[in-house]
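Shown next, in structure tokens, is the structure this report addresses.
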Amino acid sequence: MYKQKHRVKTEPDGNRVPFASLVPLPLVSSQKRETRGISETVRLTLDEIRNLSLSILTASGFGAEHAAAITNMLATCQIDDCQSHELFRLFNCTDTMKAGKIDGHAEPVVAPSDNAIVRVGAQGGMSRLAFEKALPVLIEKTRTHGMAAYGRDGD
């Protein structure tokens, strides 16, 4: 098992680039690890994080839109050092999919309304895609009404 560390490296051109490091957790006595010259720290650029996330999510059954929405959130949280939603969240997403608790191809439905409330039905899919579908409507309603609220139906 690995835990994640967020770091920033300085490129030769002076730009600071965030990346993730996966650091091994202490092993249980029954576990064995052979390193054979392999580094125990894996460092990933944000592009590598995005590619890894997309490939893991699509391989576990998420459709392209859901995988992209989750990947965008994970990459943003990685940059912001939001430790509750960084790269390790992939495990939760794949476990949820394997358990059959969500539909990785569900198309969220934004309910029409004339007021400042934006309601979205996730249709059994992940809430992240539902929010991304609602965001343009939420922005429009904020411009129209001066404020707006988002609510996701529990489906």
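Mapped onto my numbering, the consecutive letters of the sequence shown carry residue numbers 445 to 599. Beta carbons: idealized from backbone N, C-alpha and C, even for Gly. Just so it is clear, the structure is predicted and the values come from calculations on it, not from any experiment.
- Thr-538 is the residue among Thr-538, Asp-558 and Ile-514 whose C-alpha sits nearest the C-alpha of Gly-505.
- When secondary structure is reduced to three states using DSSP, Asp-597 falls in the strand class.
- Secondary structure within the region 486-573: the alpha helix (DSSP H) runs of 4 or more consecutive residues, fully enclosed, are 490-503, 508-524 and 533-542 (chain order).
- CA-to-CA, the gap between Ser-499 and Thr-515 works out to about 10 Å.
- With contacts defined as CB atoms closer than 7 Å, Arg-596 and Ala-566 qualify as a contacting pair.
- By the neighbour-count criterion, in which a residue is buried when 16 or more other Cβ atoms sit within 10 angstroms of its Cβ, Ser-571 is exposed.
- As the crow flies, the alpha-carbon of Cys-526 is around 14 Å from that of Leu-490.
- Distance from the CA atom of Val-562 to the CA atom of Ala-593, rounded to whole angstroms, is 6 Å.
- CA-CA distance, Ile-493 to Phe-575, rounds to 22 Å.
- One alpha carbon belongs to Leu-496, the other to Pro-556, and they sit about 36 Å apart.
- C-alpha of Cys-521 to C-alpha of Thr-540: approximately 20 Å in a straight line.
- Sequence-distant partners of Gly-568 (beyond 5 residues in either direction) whose C-beta falls short of 7 Å from its own C-beta, in its chain, are Ile-546, Asp-547, Ala-550 and Asp-599.
- DSSP, reduced to helix, strand and coil, places Ala-578 within a helical segment of the structure shown.
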